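Asker:
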Amino acid sequence: MNAAEKYLFEVHGYLVIEGVLTPDEVAAANAAIDAHADGIGIRPNDLAHESQTLQGTQGRGDLGGMLEWEKPHCEPFRAMIAHEKVKPYLEEVLGPGFRLEGLGIITMDEGAEGFWFHEGGEPHDRSRGFYYRNGRMFCGMTNVAVQLADVGVDDGGFACLPGSHKANYPCPDEIRLYEAYQDRMVTVPAKAGDAVLFVETLMHGALPWRAKHQRRSVIVRYNHGVQGESLMGTWTPPGFYEELTEEQQAVISAPQYRRESKGSRLYG
Ligand SMILES: O=C(O)CCC(=O)C(=O)O
4 MNAAEKYLFE
14 VHGYLVIEGV
24 LTPDEVAAAN
34 AAIDAHADGI
44 GIRPNDLAHE
54 SQTLQGTQGR
64 GDLGGMLEWE
74 KPHCEPFRAM
84 IAHEKVKPYL
94 EEVLGPGFRL
104 EGLGIITMDE
114 GAEGFWFHEG
124 GEPHDRSRGF
134 YYRNGRMFCG
144 MTNVAVQLAD
154 VGVDDGGFAC
164 LPGSHKANYP
174 CPDEIRLYEA
184 YQDRMVTVPA
194 KAGDAVLFVE
204 TLMHGALPWR
214 AKHQRRSVIV
224 RYNHGVQGES
234 LMGTWTPPGF
244 YEELTEEQQA
254 VISAPQYRRE
264 SKGSRLYG
């Protein structure tokens, strides 16, 4: 993560990482989704809430379970969880030993409804925090949205209020519902293969999808190494654990504490 990227991520709460996947890798992921398309669950138009501006003619689609799909279809998604082009960014914002919280695919066909703007730092949720201290950023849940289809300027899809990860006042409902100050929200144009890195505490949602082609976005969720948001009782490895590389295994291991500070020779 270079100095310009760090600056922009700290100020805005998100960043586009270009060219994470090659065209062949995008094609393999899309072929895997096509083969599992009957598993896409279309939501019952429940994400726009009562917003008049986020309404759509149909719900968005959700698809999961990709890490357990049969080979070769699980492979493009297993390759995403500890991707060498993304790891340096996650290490910078989450620290060493960052963990995977989960991943899922969002699909939107033309006319699909948007998603009300949620998160935004208020109320404060310690698993979704963001702060800067001792010369570096510390993030709670952080997402990498790998785009499997182009997102044009007017297509809709993921949108956010830049800088809202540092908000303190409660956000008025008319802003969350995209009924006021709409020009303050930004969508994030990207090419298939690019990834949008964003901290979950950034206020974000989605605008209705306007493009003819299907939106496909793989949301890969991470947290720092000591956070296990949904873990209770004993951690057990998933059935496919032994098929993963060491780096992939590391991101799905149990939460663990790793000392980061080298500020004093006593910590050396
Ligand atoms: O990309 C989107 O459609 C919204 C995703 C979202 O709200 C989330 O990941 O929490």
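First residue of the sequence shown: 4, per this note's numbering; consecutive thereafter. We put the beta carbon where it would ideally sit given N, CA and C, even for glycine. This one's a predicted model, so the numbers in the text were calculated from it and none came from an experiment.
1. Can you tell me which of M69, V23 and L97 puts its alpha carbon nearest to the alpha carbon of H227?
2. For the segment 86-97 against the segment 134-150, are there 3 or more C-beta pairs whose distance is under 8 Å?
3. Is DSSP giving P228 helix, strand or coil here?
4. Buried or exposed for Q185, please, with buried defined as at least 16 other CB atoms from any protein chain shown within 10 angstroms of its CB.
5. Taking 8 Å as the cut-off, is the C-beta of G208 nearer than that to any heavy atom in ligand 1?
6. Should the segment 251-259 be regarded as contacting the segment 145-165, the criterion being three or more beta carbon pairs within less than 8 Å?
7. Whole angstroms is fine: what's the gap from T60's alpha carbon to G117's?
8. By the three-class DSSP mapping on this structure, what secondary structure does F141 have?
9. Within the same chain, show all residues whose beta-carbon is closer than 6 Å to that of L11, passing over the 5 residues directly before and after it, in chain order.
10. Taking all protein chains shown into account, decide if Y244 is buried (16 or more other Cβ within 10 angstroms of its Cβ) or exposed.
11. Could you check the C-alpha separation between P211 and R187 for me, to the nearest Å?
Answerer: Put simply:
1. L97
2. yes
3. Note that residue 228 is Gly in the sequence shown here, rather than Pro. Of the three classes helix, strand and coil, the one that applies to G228 here is coil, per DSSP.
4. exposed
5. Using a cutoff of 8 Å, the CB of G208 counts as near ligand 1, since one of the ligand's heavy atoms is closer than that.
6. no
7. 10 Å
8. In the structure shown, F141 sits in a strand (DSSP, three-state: E or B).
9. L18
10. exposed
11. Cα atoms of P211 and R187: separation of roughly 17 Å, rounded to the nearest angstrom.
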